[in-house]
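All residue numbers for the sequence shown refer to our numbering, where the first residue is 227 and numbers rise by one.
Okay, so here's the structure we're looking at.
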Amino acid sequence: LKGYIEDTIKKQGVLIIPAFSLERTQGMLFEINNFFEQGAIPSIPVFLDSPLAISVTEIYQKYTEYLKDEVQEQIKAGDDIFDFPKLSFTRTMKDSREIEETHGAKIIIAGSGMSHGGRILDHEKRYLEDPKTTLLLVGYQAVGSFGRLLADGAKKVRIQDTDVKVRAKIAHIHGYSGHADRDQLVEFVSQGGEKAKQVFVAMGEERSALFLVQRLRDYLGVNAVAPTQGEKIEIDF
């Protein structure tokens with residue numbers, strides 16, 4: 227993340243981050259706050275352009291006792307990790323449109339995380355044609371999503387009935403995922419999963435889902451399956 231912000235400052239461009247409102251957005255704000263507070267990167271305008279993410283962030287601010295101990299200590303020392311210089315919460319559409327009036331290097335965090343909809347599409351429509359823009363994907367992009375289309379290298383996309391040439395840099399950081407990985411899922415099923423009549427793997431791409439199914443069968447001996455789209459399965463209680 228630090229490198230992408232530094233590159234944005236150097237190019238005086240825009241760093242656009244499609245982010246999920248719960249947890250992912252707050253993690254990004256925490257990291258950015260620390261970069262600025264520690265002087266690792268010069269402060270630049272940061273816009274959180276998502277009413278839902280703003281509301282969730284306010285809950286984080288209110289219930290800091292549930293955060294990690296080291297984060298609580300940082301807050302007690304006087305660092306409001308979700309309220310740093312040049313951070314703006316843009317609730318209204320008017321505020322959102324006015325982001326364009328801030329020139330020079332800036333960061334825009336907006337939903338949705340896979341660019342299915344929301345305000346992120348307005349920013350992608352406005353900035354993807356600019357080679358000084360970086361679109362930073364910080365979460366899983368499902369097959370068929372607009373975010374996946376960009377991640378796979380699309381050179382031209384259609385946004386809100388407008389054809390947009392993708393001249394921006396498209397980057398992907400995987401370390402911010404909030405999902406359990408394969409081994410963690412196997413461990414989860416092992417905690418009582420042997421009593422289950424059947425285990426359904428209903429998320430993830432087909433190849434990964436089938437691999438997890440086989441691992442659950444081989445390691446735990448459970449009756450695991452990965453249903454296909456439209457498949458009907460009767461469950462006996």
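Idealized CB from N, CA, C, for every residue including glycine.
Can you tell me whether Lys-294 is buried or exposed, with buried defined as 16 or more other CB within 10 angstroms of its CB? Counting Cβ neighbours within 10 Å, Lys-294 comes out exposed, since fewer than 16 surround it.
Taking Lys-395 and Thr-360 to be in contact with their CB atoms under 8 Å, please state how far apart those CB atoms are, rounded to whole angstroms. Yes, Lys-395 and Thr-360 are in contact; Cβ-Cβ is about 5 Å, under 8 Å.
Close Cβ partners of Thr-430 (< 8 Å) along its chain, the five nearest in sequence each way excluded: Note that residue 430 corresponds to Gly in the displayed sequence, not to Thr. Leaving aside the five residues that flank Gly-430 on each side, the residues in its chain whose CB is nearer than 8 Å to its CB run, in chain order, Leu-438.
My parser needs the alpha helix (DSSP H) runs of 4 or more residues fully inside the segment 336-376; what are they? The alpha helix (DSSP H) runs of length 4 or more contained entirely in the segment 336-376 are, from start to end of the chain, 346-353.
For the segment 247-313, which segments carrying the alpha helix (DSSP H) assignment without a break, of at least 4 residues, lie completely within its bounds, in sequence order? Runs of the alpha helix (DSSP H) lying entirely within the segment 247-313, each at least 4 residues long, are 250-263, 277-288 and 295-302 in chain order.
Residue from Asp-309, Gly-370, Ser-269 and His-398 whose Cα sits closest to the Cα of Lys-288: Looking at the Cα atoms, Asp-309 is the closest of the given residues.
Could you tell me whether the segment 370-384 touches the segment 341-349, where touching means 3 or more Cβ pairs closer than 8 Å? Output reads yes: the segment 341-349 touches the segment 370-384.
With DSSP collapsed to three states, give me the class of Asp-389. In the three-state scheme derived from DSSP, where H, G and I count as helix and E and B as strand, Asp-389 is classed as strand.
Count the CB pairs spanning the segment 271-278 and the segment 350-365 that are closer than 8 Å, and state whether there are at least three. Output reads no: the segment 350-365 does not touch the segment 271-278.
In terms of residues, what are the limits of the beta strand (DSSP E) holding Lys-395? Counting along the chain, the beta strand (DSSP E) containing Lys-395 begins and ends at 395-398.
Rounded straight-line distance, which links the Cα of Glu-249 to that of Val-427: Computed Cα separation, rounded: 24 Å.
Pull the bridge partners of Leu-241 from the DSSP assignment, please. Partner residues in the beta bridge of Leu-241, as assigned by DSSP, are Ile-333 and Thr-360.
State the DSSP-derived secondary structure class of Phe-315, mapped to helix, strand or coil. Under the three-state reduction of DSSP, Phe-315 is assigned to strand.
According to DSSP, what are the bridge partners of Arg-384? Paired residue(s): Asp-389.
Candidates Val-448, Gly-330 and Gly-456: which alpha carbon is nearest Lys-236's? The option with the nearest alpha carbon to Lys-236 is Gly-330.
Going by C-alpha distance, which of Ser-322, Asn-259, Ile-325 and Ser-281 is nearest Gly-304? Of the candidates Ser-322, Asn-259, Ile-325 and Ser-281, the one whose C-alpha sits nearest the C-alpha of Gly-304 is Asn-259.
With a CB to CB cut of under 7 Å and the five nearest residues on each side skipped, what residues in its chain are close to Val-415? Around Val-415: Val-425, Leu-442, Leu-446 and Val-448.
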